[in-house]
(Lines of atoms letter the chains of each structure in order from A and count residues from 1; the text may use other names and numbers.)
(Lines give C-alpha, C1' and ligand atoms only; values in the text may rest on other atoms or scores of the structure.)
Protein backbone atom coordinates (compact mmCIF):
# COMPACT_ATOMS: atom_id res chain seq x y z
CA UNK A 1 0.00 0.00 0.00
CA UNK A 2 1.10 3.52 -0.63
CA UNK A 3 0.17 6.28 1.74
CA UNK A 4 -1.17 9.40 0.13
CA UNK A 5 2.07 11.17 -0.46
CA UNK A 6 3.21 7.16 -0.05
CA UNK A 7 20.22 -15.69 9.38
CA UNK A 8 17.97 -16.63 6.32
CA UNK A 9 16.83 -20.01 7.58
CA UNK A 10 13.43 -21.58 7.04
CA UNK A 11 11.19 -21.76 10.06
CA UNK A 12 11.26 -25.25 11.53
CA UNK A 13 7.58 -25.89 12.19
CA UNK A 14 8.37 -28.91 14.33
CA UNK A 15 10.25 -26.77 16.85
CA UNK A 16 7.81 -23.88 17.05
CA UNK A 17 6.15 -23.17 20.37
CA UNK A 18 3.17 -20.91 19.60
CA UNK A 19 3.12 -17.79 21.72
CA UNK A 20 0.16 -16.88 23.89
CA UNK A 21 -2.33 -15.11 21.60
CA UNK A 22 -3.38 -11.54 22.23
CA UNK A 23 -6.46 -11.15 24.40
CA UNK A 24 -8.77 -10.40 21.49
CA UNK A 25 -7.36 -12.51 18.65
CA UNK A 26 -9.09 -11.63 15.39
CA UNK A 27 -11.36 -14.13 13.70
CA UNK A 28 -9.76 -13.69 10.27
CA UNK A 29 -6.77 -15.62 11.59
CA UNK A 30 -8.87 -18.50 12.88
CA UNK A 31 -10.97 -18.94 9.77
CA UNK A 32 -14.30 -18.30 11.50
CA UNK A 33 -17.15 -17.92 9.02
CA UNK A 34 -18.37 -14.37 8.50
CA UNK A 35 -21.84 -12.95 8.89
CA UNK A 36 -23.97 -12.38 5.82
CA UNK A 37 -23.35 -9.00 4.20
CA UNK A 38 -25.94 -6.33 4.86
CA UNK A 39 -27.65 -4.62 1.97
CA UNK A 40 -27.41 -1.08 3.28
CA UNK A 41 -24.66 1.28 2.12
CA UNK A 42 -23.49 1.94 5.65
CA UNK A 43 -24.42 3.37 9.03
CA UNK A 44 -25.04 7.05 8.39
CA UNK A 45 -24.22 10.00 10.62
CA UNK A 46 -25.03 13.65 10.15
CA UNK A 47 -21.74 15.03 11.42
CA UNK A 48 -18.21 14.34 10.26
CA UNK A 49 -16.81 12.69 13.37
CA UNK A 50 -15.20 14.50 16.31
CA UNK A 51 -14.82 18.18 17.25
CA UNK A 52 -11.89 19.80 15.47
CA UNK A 53 -10.29 20.78 18.79
CA UNK A 54 -10.32 17.24 20.26
CA UNK A 55 -6.64 16.34 20.02
CA UNK A 56 -6.16 14.29 23.18
CA UNK A 57 -6.56 10.62 22.26
CA UNK A 58 -9.27 8.94 24.33
CA UNK A 59 -8.47 5.98 26.49
CA UNK A 60 -8.97 2.72 24.54
CA UNK A 61 -11.48 0.36 26.10
CA UNK A 62 -10.35 -2.50 28.33
CA UNK A 63 -10.78 -5.00 25.50
CA UNK A 64 -8.81 -2.96 22.96
CA UNK A 65 -5.98 -5.13 21.65
CA UNK A 66 -4.97 -4.24 18.12
CA UNK A 67 -3.66 -6.76 15.66
CA UNK A 68 -0.25 -5.40 14.64
CA UNK A 69 0.41 -5.83 10.92
CA UNK A 70 3.92 -4.94 9.71
CA UNK A 71 3.54 -2.83 6.56
CA UNK A 72 6.13 -4.26 4.12
CA UNK A 73 7.93 -5.57 7.21
CA UNK A 74 7.79 -2.24 9.11
CA UNK A 75 9.02 -0.20 6.16
CA UNK A 76 9.76 2.86 8.28
CA UNK A 77 12.68 1.11 9.93
CA UNK A 78 13.61 -1.82 7.65
CA UNK A 79 14.37 -2.24 3.93
CA UNK A 80 10.84 -2.82 2.72
CA UNK A 81 9.59 -6.16 1.39
CA UNK A 82 12.84 -8.00 2.11
CA UNK A 83 13.73 -11.11 4.07
CA UNK A 84 15.60 -8.92 6.56
CA UNK A 85 12.46 -6.84 7.12
CA UNK A 86 10.38 -9.95 7.77
CA UNK A 87 12.92 -11.26 10.26
CA UNK A 88 13.12 -7.88 12.03
CA UNK A 89 9.32 -7.64 12.22
CA UNK A 90 8.51 -11.18 13.29
CA UNK A 91 11.63 -13.03 14.36
CA UNK A 92 11.50 -15.12 17.52
CA UNK A 93 13.92 -12.79 19.31
CA UNK A 94 11.75 -9.72 18.75
CA UNK A 95 10.08 -8.50 21.99
CA UNK A 96 6.39 -9.39 22.24
CA UNK A 97 5.12 -5.80 22.20
CA UNK A 98 7.10 -5.05 19.03
CA UNK A 99 6.51 -8.30 17.21
CA UNK A 100 4.01 -8.32 14.35
CA UNK A 101 0.97 -10.57 14.36
CA UNK A 102 1.04 -10.51 10.56
CA UNK A 103 3.58 -9.26 8.06
CA UNK A 104 2.17 -7.45 5.04
CA UNK A 105 4.02 -7.86 1.73
CA UNK A 106 3.29 -6.90 -1.88
CA UNK A 107 3.57 -9.38 -4.74
CA UNK A 108 4.05 -9.03 -8.50
CA UNK A 109 5.21 -11.45 -11.22
CA UNK A 110 8.49 -11.41 -13.09
CA UNK A 111 8.74 -11.95 -16.84
CA UNK A 112 9.41 -15.62 -16.04
CA UNK A 113 6.19 -15.93 -14.06
CA UNK A 114 7.81 -16.13 -10.63
CA UNK A 115 6.15 -14.39 -7.67
CA UNK A 116 8.41 -11.76 -6.11
CA UNK A 117 7.84 -9.51 -3.13
CA UNK A 118 7.96 -5.96 -4.45
CA UNK A 119 5.72 -2.91 -4.31
CA UNK A 120 6.34 -0.74 -7.37
CA UNK A 121 5.83 -1.42 -11.05
CA UNK A 122 9.41 -0.44 -11.84
CA UNK A 123 12.59 -1.61 -10.15
CA UNK A 124 13.76 2.01 -9.84
CA UNK A 125 12.32 5.46 -10.30
CA UNK A 126 10.24 6.02 -7.16
CA UNK A 127 9.29 9.63 -6.40
CA UNK A 128 9.45 10.68 -10.04
CA UNK A 129 12.94 9.31 -10.49
CA UNK A 130 14.38 11.07 -7.45
CA UNK A 131 14.75 7.80 -5.57
CA UNK A 132 15.85 4.47 -6.96
CA UNK A 133 14.11 1.74 -5.01
CA UNK A 134 16.70 -0.72 -6.30
CA UNK A 135 19.93 -0.52 -8.26
CA UNK A 136 18.30 -2.13 -11.31
CA UNK A 137 16.05 -0.81 -14.09
CA UNK A 138 12.95 -2.01 -15.86
CA UNK A 139 9.32 -2.94 -15.30
CA UNK A 140 9.22 -5.91 -12.95
CA UNK A 141 6.90 -8.10 -15.02
CA UNK A 142 8.95 -7.40 -18.15
CA UNK A 143 12.23 -8.36 -16.44
CA UNK A 144 13.64 -11.85 -15.93
CA UNK A 145 13.71 -13.36 -12.46
CA UNK A 146 17.54 -13.37 -12.05
CA UNK A 147 17.73 -9.62 -12.69
CA UNK A 148 14.84 -8.88 -10.33
CA UNK A 149 16.10 -11.05 -7.50
CA UNK A 150 19.65 -9.69 -7.83
CA UNK A 151 18.40 -6.08 -7.46
CA UNK A 152 19.55 -4.45 -4.21
CA UNK A 153 16.78 -2.73 -2.22
CA UNK A 154 17.45 0.81 -0.97
CA UNK A 155 21.21 0.25 -0.72
CA UNK A 156 20.65 -2.15 2.17
CA UNK A 157 22.52 -5.17 0.85
CA UNK A 158 19.16 -6.99 0.75
CA UNK A 159 17.77 -8.08 -2.60
CA UNK A 160 14.25 -8.54 -3.94
CA UNK A 161 13.03 -11.89 -2.61
CA UNK A 162 10.74 -14.53 -3.99
CA UNK A 163 7.53 -14.97 -2.02
CA UNK A 164 8.78 -18.45 -1.19
CA UNK A 165 11.87 -16.98 0.52
CA UNK A 166 9.78 -14.61 2.61
CA UNK A 167 7.53 -17.41 3.80
CA UNK A 168 10.52 -19.55 4.71
CA UNK A 169 11.76 -16.70 6.93
CA UNK A 170 8.38 -16.22 8.62
CA UNK A 171 7.70 -18.15 11.85
CA UNK A 172 4.71 -20.42 11.41
CA UNK A 173 2.76 -18.69 14.19
CA UNK A 174 2.96 -15.31 12.43
CA UNK A 175 0.44 -14.62 9.69
CA UNK A 176 1.06 -13.07 6.29
CA UNK A 177 -1.05 -10.42 4.58
CA UNK A 178 -0.27 -10.74 0.89
CA UNK A 179 -1.28 -7.70 -1.11
CA UNK A 180 -1.95 -8.69 -4.71
CA UNK A 181 -0.36 -5.65 -6.31
CA UNK A 182 -0.29 -6.31 -10.06
CA UNK A 183 -0.76 -9.34 -12.34
CA UNK A 184 1.52 -7.87 -15.01
CA UNK A 185 -0.30 -5.06 -16.78
CA UNK A 186 -0.46 -1.28 -16.54
CA UNK A 187 -4.19 -0.63 -16.99
CA UNK A 188 -5.50 -1.61 -13.57
CA UNK A 189 -8.77 -0.32 -12.14
CA UNK A 190 -7.96 0.07 -8.43
CA UNK A 191 -10.71 1.00 -6.00
CA UNK A 192 -13.57 0.56 -8.47
CA UNK A 193 -16.65 -1.63 -8.21
CA UNK A 194 -16.74 -3.18 -11.67
CA UNK A 195 -19.71 -4.20 -13.76
CA UNK A 196 -20.31 -7.94 -14.12
CA UNK A 197 -18.82 -7.96 -17.63
CA UNK A 198 -15.75 -5.96 -16.62
CA UNK A 199 -15.23 -8.07 -13.52
CA UNK A 200 -15.31 -11.32 -15.51
CA UNK A 201 -12.82 -9.97 -18.04
CA UNK A 202 -10.38 -8.69 -15.45
CA UNK A 203 -10.71 -11.69 -13.18
CA UNK A 204 -9.51 -13.81 -16.09
CA UNK A 205 -6.43 -11.56 -16.32
CA UNK A 206 -5.68 -11.88 -12.61
CA UNK A 207 -6.37 -15.61 -12.28
CA UNK A 208 -3.04 -17.08 -13.55
CA UNK A 209 -1.03 -14.85 -11.22
CA UNK A 210 -3.30 -15.45 -8.23
CA UNK A 211 -3.09 -19.18 -8.89
CA UNK A 212 0.72 -18.98 -8.67
CA UNK A 213 0.55 -16.96 -5.45
CA UNK A 214 -1.86 -19.43 -3.86
CA UNK A 215 0.31 -22.36 -4.93
CA UNK A 216 3.24 -20.85 -3.03
CA UNK A 217 1.12 -20.06 0.02
CA UNK A 218 -0.34 -23.55 0.11
CA UNK A 219 3.11 -24.93 0.82
CA UNK A 220 3.22 -23.19 4.22
CA UNK A 221 1.15 -23.27 7.40
CA UNK A 222 1.02 -19.56 8.21
CA UNK A 223 -2.35 -17.86 8.49
CA UNK A 224 -3.01 -15.94 5.26
CA UNK A 225 -4.99 -12.82 4.38
CA UNK A 226 -5.16 -11.74 0.72
CA UNK A 227 -5.81 -8.06 0.03
CA UNK A 228 -5.91 -5.82 -3.01
CA UNK A 229 -7.03 -2.46 -4.35
CA UNK A 230 -8.44 -4.36 -7.35
CA UNK A 231 -11.79 -6.14 -7.14
CA UNK A 232 -10.80 -8.67 -9.81
CA UNK A 233 -7.83 -9.82 -7.72
CA UNK A 234 -10.21 -10.64 -4.86
CA UNK A 235 -12.63 -12.36 -7.24
CA UNK A 236 -9.82 -14.55 -8.56
CA UNK A 237 -8.76 -15.31 -4.98
CA UNK A 238 -12.26 -16.47 -4.12
CA UNK A 239 -12.29 -18.76 -7.16
CA UNK A 240 -8.97 -20.43 -6.44
CA UNK A 241 -8.65 -20.53 -2.63
CA UNK A 242 -10.42 -20.39 0.71
CA UNK A 243 -8.08 -17.76 2.13
CA UNK A 244 -9.71 -14.68 3.72
CA UNK A 245 -9.80 -11.57 1.54
CA UNK A 246 -9.91 -7.82 2.14
CA UNK A 247 -10.48 -4.92 -0.26
CA UNK A 248 -8.17 -1.94 0.27
CA UNK A 249 -10.03 1.37 0.40
CA UNK A 250 -8.35 4.64 -0.50
CA UNK A 251 -11.07 6.90 -1.92
CA UNK A 252 -14.58 5.55 -2.43
CA UNK A 253 -16.15 4.11 0.72
CA UNK A 254 -19.21 3.13 -1.30
CA UNK A 255 -17.21 1.09 -3.81
CA UNK A 256 -15.08 -0.46 -1.09
CA UNK A 257 -18.10 -1.63 0.89
CA UNK A 258 -19.79 -2.89 -2.26
CA UNK A 259 -16.71 -4.95 -3.13
CA UNK A 260 -16.53 -6.34 0.40
CA UNK A 261 -20.18 -7.41 0.21
CA UNK A 262 -19.92 -8.81 -3.31
CA UNK A 263 -17.06 -11.11 -2.31
CA UNK A 264 -18.02 -11.70 1.34
CA UNK A 265 -14.73 -10.24 2.51
CA UNK A 266 -13.52 -11.13 5.99
CA UNK A 267 -11.96 -7.68 6.45
CA UNK A 268 -11.68 -4.23 4.94
CA UNK A 269 -8.48 -2.16 4.83
CA UNK A 270 -9.30 1.56 4.75
CA UNK A 271 -6.81 4.39 4.58
CA UNK A 272 -6.52 6.18 7.91
CA UNK A 273 -8.32 9.29 6.63
CA UNK A 274 -11.46 7.23 5.93
CA UNK A 275 -11.93 6.25 9.57
CA UNK A 276 -14.51 8.50 11.18
CA UNK A 277 -14.12 9.73 14.74
CA UNK A 278 -10.41 10.62 14.74
CA UNK A 279 -8.46 13.84 14.05
CA UNK A 280 -7.10 12.18 10.89
CA UNK A 281 -10.48 11.72 9.20
CA UNK A 282 -10.90 13.51 5.90
CA UNK A 283 -13.99 14.69 4.08
CA UNK A 284 -14.45 11.24 2.54
CA UNK A 285 -15.18 9.73 5.96
CA UNK A 286 -18.17 11.93 6.76
CA UNK A 287 -21.57 10.23 6.80
CA UNK A 288 -20.41 6.63 7.20
CA UNK A 289 -18.83 5.00 10.22
CA UNK A 290 -16.76 2.23 8.66
CA UNK A 291 -16.00 0.61 12.00
CA UNK A 292 -19.66 0.32 13.00
CA UNK A 293 -20.66 -0.77 9.50
CA UNK A 294 -17.96 -3.45 9.38
CA UNK A 295 -18.87 -4.69 12.85
CA UNK A 296 -22.54 -4.98 11.83
CA UNK A 297 -21.51 -7.01 8.79
CA UNK A 298 -19.00 -9.24 10.60
CA UNK A 299 -15.80 -7.83 9.10
CA UNK A 300 -12.52 -6.75 10.66
CA UNK A 301 -11.14 -3.25 10.02
CA UNK A 302 -7.37 -2.99 9.56
CA UNK A 303 -6.22 0.58 8.92
CA UNK A 304 -3.26 1.74 6.81
CA UNK A 305 -0.74 3.28 7.01
CA UNK A 306 -0.22 3.99 10.72
CA UNK A 307 3.01 5.74 11.67
CA UNK A 308 2.72 6.96 15.28
CA UNK A 309 1.55 5.67 18.67
CA UNK A 310 -0.85 8.65 18.73
CA UNK A 311 -2.60 7.45 15.59
CA UNK A 312 -2.67 3.89 16.89
CA UNK A 313 -4.26 4.93 20.17
CA UNK A 314 -6.98 6.98 18.48
CA UNK A 315 -7.77 4.08 16.16
CA UNK A 316 -7.97 1.66 19.07
CA UNK A 317 -10.35 4.03 20.85
CA UNK A 318 -12.79 4.10 17.90
CA UNK A 319 -12.74 0.31 17.72
CA UNK A 320 -10.64 -0.76 14.75
CA UNK A 321 -9.30 -4.31 14.82
CA UNK A 322 -5.81 -3.88 13.43
CA UNK A 323 -3.24 -1.37 12.25
CA UNK A 324 -1.00 -1.77 9.23
CA UNK A 325 2.03 0.02 10.60
CA UNK A 326 5.37 1.33 9.39
CA UNK A 327 7.00 1.06 12.82
CA UNK A 328 7.16 -1.74 15.35
CA UNK A 329 6.78 0.05 18.69
CA UNK A 330 3.43 1.76 18.25
CA UNK A 331 1.73 -0.17 21.05
CA UNK A 332 4.50 0.34 23.62
CA UNK A 333 3.24 3.63 25.10
CA UNK A 334 -0.17 2.34 26.11
CA UNK A 335 -0.90 2.10 29.84
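In the working numbering, the protein residues as written are 14 to 348. Ideal placement from N, C-alpha and C gives every residue a C-beta, glycine not left out. Here the structure is a predicted model, which means the values were calculated and not measured.
Residue 159 lies in the alpha helix (DSSP H); which residues open and close that run? 158–163
Would you mind stating whether residue 166 and residue 73 have Cβ atoms separated by less than 8 angstroms? no
Could you give the C-beta distance for residue 237 and residue 256, rounded to a whole number, given that I count them as a contact under 8 angstroms? 5 angstroms
Check the DSSP bridge columns for residue 172 and list the partner residues they point to. 165
Excluding the 5 residues flanking residue 243 on each side, which residues of the same chain have their C-beta closer than 6 angstroms to its C-beta? 201 and 203
Should residue 110 go down as buried or exposed, given a rule of 16 or more other Cβ atoms within 10 Å for buried? exposed
With DSSP collapsed to three states, give me the class of residue 268. helix
The stretch 78–88 / the stretch 115–123 touching (three or more Cβ pairs under 8 angstroms): yes
Residue 247 versus residue 291 - alpha carbon distance: 29 angstroms
Is residue 172 near the ligand FAD, in the sense that its beta carbon is under 7 angstroms from a heavy atom of that ligand? This structure simply doesn't include the ligand FAD, nor any ligand for that matter.
Run through DSSP, which three-state label would residue 297 get? helix
Just confirm the distance between the C-beta atoms of residue 5 and residue 190, as a whole number of angstroms; I'd bet it's less than 8 angstroms. Since the first and last residues shown for the chain are 14 and 348, residue 5 lies out of range.
Looking at C-beta atoms only, is the number of pairs between the stretch 123–134 and the stretch 143–163 that lie closer than 8 angstroms three or more? yes
Please confirm whether residue 212 and residue 245 have their CB atoms less than 8 angstroms apart. yes
Rounded to whole angstroms, how far is the Cβ of residue 217 from the Cβ of residue 99, which I believe are closer than 8 angstroms? Incorrect: roughly 32 angstroms between the Cβ atoms, too far for contact.
For a test of the three-state rule: what should DSSP assign to residue 208, helix, strand or coil? coil
Can you tell me whether DSSP reads residue 330 as helix, strand or coil? helix
Where residue 107 and residue 342 are concerned, what is the direct C-alpha to C-alpha distance, given to the nearest angstrom? 11 angstroms
Through-space distance from residue 70 to residue 321, alpha-carbon basis: 12 angstroms
Are residue 337 and residue 316 close, meaning C-beta to C-beta below 8 angstroms? yes
Ignoring anything shorter than 3 residues or poking outside the stretch 53–139, list the beta strand (DSSP E) runs there in chain order. 80–84, 115–122 and 128–130
Looking at the unbroken alpha helix (DSSP H) that takes in residue 303, where does it start and where does it end? 303–310
Can you list, in chain order, the residues of its chain with a C-beta nearer than 7 angstroms to that of residue 340? Leave out the 5 residues immediately preceding and following it. 87, 89, 90 and 320
Taking three-plus beta-carbon pairs below 8 angstroms as touching, is the stretch 145–155 in contact with the stretch 262–276? no
Straight-line CA distance for residue 50 to residue 164? Note that residue 50 scores a pLDDT of 33, beneath 50, so its modelled location is shaky and nothing firm can be said.
Could you tell me how far apart the beta carbons of residue 206 and residue 272 are, in whole angstroms, since I believe they sit closer than 8 angstroms? 6 angstroms
So is residue 240 buried or exposed if we call it buried at 16+ other beta carbons inside 10 Å? buried
Within the same chain, show all residues whose beta-carbon is closer than 7 angstroms to that of residue 178, passing over the 5 residues directly before and after it, in chain order. 96
Simplified DSSP assignment, three categories, for residue 184: coil
Taking Cβ positions only, does residue 216 come closer than 8 angstroms to chain D? Protein chains in the displayed structure number just one, and chain D is not present.
With DSSP as the reference, identify every bridge partner of residue 313, one or two as the case may be. 280
Contacts around residue 225, its chain only, beta-carbon distance under 6 angstroms, and the 5 residues preceding and following it disregarded: 128
Indicate the three-state DSSP secondary structure (helix, strand or coil) for residue 230 in the structure shown. helix
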